[in-house]
């Protein structure tokens, strides 16, 4: 599942990260990343004029930050000894 990007708009390459790059960064398969997108566990990728699925770097960074925040909240909810 992805959203097509307009063909007549220029988007610098450094604004985008491909699903393959996401998979490499997270040390998972591209298939896994595609599954996450299909299950809406991550932001919806955009398809460029070249047919390649990508996320904007801002979307990727925000998603990673939200996962880190969730992990931190879960770890702190355990109570533990004080």
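In full-length UniProt numbering, the protein residues as written are 1 to 82. Think of the CB as a built atom: it goes at the ideal place given N, C-alpha and C, for glycine as much as any other residue.
Inter-residue Cα distance where the pair is residue i and residue j
| i | j | result |
| --- | --- | --- |
| residue 58 | residue 64 | 10 Å |
| residue 44 | residue 13 | 18 Å |
| residue 48 | residue 55 | 10 Å |
| residue 68 | residue 46 | 23 Å |
| residue 24 | residue 72 | 23 Å |
| residue 66 | residue 22 | 16 Å |
| residue 50 | residue 38 | 20 Å |
Assigned secondary structure, residue i (DSSP; H/G/I helix, E/B strand, else coil)
| i | result |
| --- | --- |
| residue 67 | helix |
| residue 19 | helix |
| residue 53 | strand |
| residue 47 | strand |
Contacts around residue i, its chain only, beta-carbon distance under 7 Å, and the 5 residues preceding and following it disregarded
| i | result |
| --- | --- |
| residue 36 | 42 |
Same chain only: Cβ atoms within 6 Å of residue i, ignoring 5 sequence neighbours per side
| i | result |
| --- | --- |
| residue 28 | none |
| residue 60 | 17 |
Under 7 Å between C-beta atoms of residue i and residue j
| i | j | result |
| --- | --- | --- |
| residue 52 | residue 18 | yes |
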